[in-house]
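One structure is given here, and the rest of the page talks about it.
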Amino acid sequence: MLRELFIEELKDIYWAEKHLTKALPKMKKAATSEELAAAFDEHLAVTHEQVVRVEQVFEMLEMTARAKKCEAMDGLVKEAQQIIEDLPKGSAVIDAGLIIAAQKVEHYEIAAYGSLVQLAKTMGENDIAEILQQTLDEEKEADQLLTELAVSGINISAENEPEE
Ligand SMILES: [Fe+2]
164 MLRELFIEEL KDIYWAEKHL TKALPKMKKA ATSEELAAAF DEHLAVTHEQ VVRVEQVFEM
224 LEMTARAKKC EAMDGLVKEA QQIIEDLPKG SAVIDAGLII AAQKVEHYEI AAYGSLVQLA
284 KTMGENDIAE ILQQTLDEEK EADQLLTELA VSGINISAEN EPEE
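Just so you know, we're using the numbering used here here: the sequence shown kicks off at 164 and counts up by one.
Structure follows, in structure tokens:
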């Protein structure tokens, strides 16, 4: 039963990662700060690798990779789209909004991978746990970078921005 739960969660994160590869280019395009755009670009490359890692895990379980719609990621990406639609283009405030949206995504992924790593360990699948731990570490790094970008200037610029 635990194995089935693990596989269901794996299908969920597989869908989530693939969905994110479609959203990140739009977030990059909407970013005002070059640093933030570069961070989204970098995370897109990382996300492509993470998709491959999930496929690798399916393979290790001798299964074909299958995705199951992740309602949470669908909603989080919609929130990001809303920010892009609602906030002024070329502003610092849109960057502040994009960072919030991206951090919500990272926190979802940290929860998902953290759980998958623990389940894999419980099942005695240490090789799988190791692979997923790599992704978990990357998500934590991405989250930290976003915090740094926010506190190192973007939030202050957004605060000081003249109203339109
Ligand atoms: Fe990811």
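Note that beta-carbon positions come from the ideal geometry of N, C-alpha and C, so glycine has one too.
Between residue i and residue j, what straight-line distance do the alpha-carbon atoms span, to the nearest angstrom?
| i | j | result |
| --- | --- | --- |
| Val-215 | Glu-326 | 44 Å |
| Ile-273 | Glu-311 | 18 Å |
| Glu-180 | Ala-259 | 23 Å |
| Lys-192 | Ser-278 | 32 Å |
| Val-220 | Met-164 | 18 Å |
| Gln-296 | Pro-251 | 38 Å |
| Gly-316 | Glu-198 | 11 Å |
| Asn-323 | Asp-300 | 34 Å |
Have a look at the options and flag the residue whose alpha-carbon is nearest the alpha-carbon of residue i.
| i | options | result |
| --- | --- | --- |
| Ala-202 | Asn-323, Glu-302 and Gln-219 | Glu-302 |
| Ala-228 | Asp-290, Ile-263, Pro-188 and Leu-173 | Leu-173 |
| Asn-289 | Cys-233, Lys-231 and Leu-224 | Leu-224 |
| Met-236 | Glu-322, Val-280 and Glu-269 | Glu-269 |
| Glu-167 | Met-286, Ile-294 and Thr-184 | Met-286 |
| Met-190 | Glu-234, Gln-281, Glu-242 and Ala-275 | Glu-242 |
| Lys-185 | Phe-169, Asp-175 and Ala-208 | Ala-208 |
| Glu-234 | Leu-183, Leu-187, Ala-305 and His-211 | Leu-183 |
| Pro-188 | Asp-204, Ile-176, Tyr-177 and Ser-196 | Asp-204 |
| Lys-267 | Ser-254, Val-240, Lys-231 and Lys-284 | Val-240 |
| Asp-306 | Ala-265, Trp-178 and Ile-294 | Ala-265 |
I need the DSSP call for residue i, collapsed to helix, strand or coil.
| i | result |
| --- | --- |
| Leu-299 | helix |
| Lys-232 | coil |
| Ala-194 | coil |
| Gly-287 | coil |
| Thr-310 | helix |
| Ser-315 | helix |
| Leu-199 | helix |
| Thr-184 | helix |
| Glu-171 | helix |
Buried or exposed: residue i, going by 16 or more other Cβ atoms within 10 Å of its Cβ?
| i | result |
| --- | --- |
| Thr-298 | buried |
| Gln-281 | exposed |
| Gln-213 | buried |
| Ile-291 | buried |
| Ile-246 | buried |
| Ile-319 | exposed |
| Asp-175 | buried |
> Can we say the stretch 255-270 touches the stretch 307-324, given the rule of at least three CB pairs closer than 8 Å?
Replying inline: A contact between stretches requires three or more CB pairs, one per stretch, nearer than 8 Å, and the stretch 255-270 meets this requirement with the stretch 307-324.
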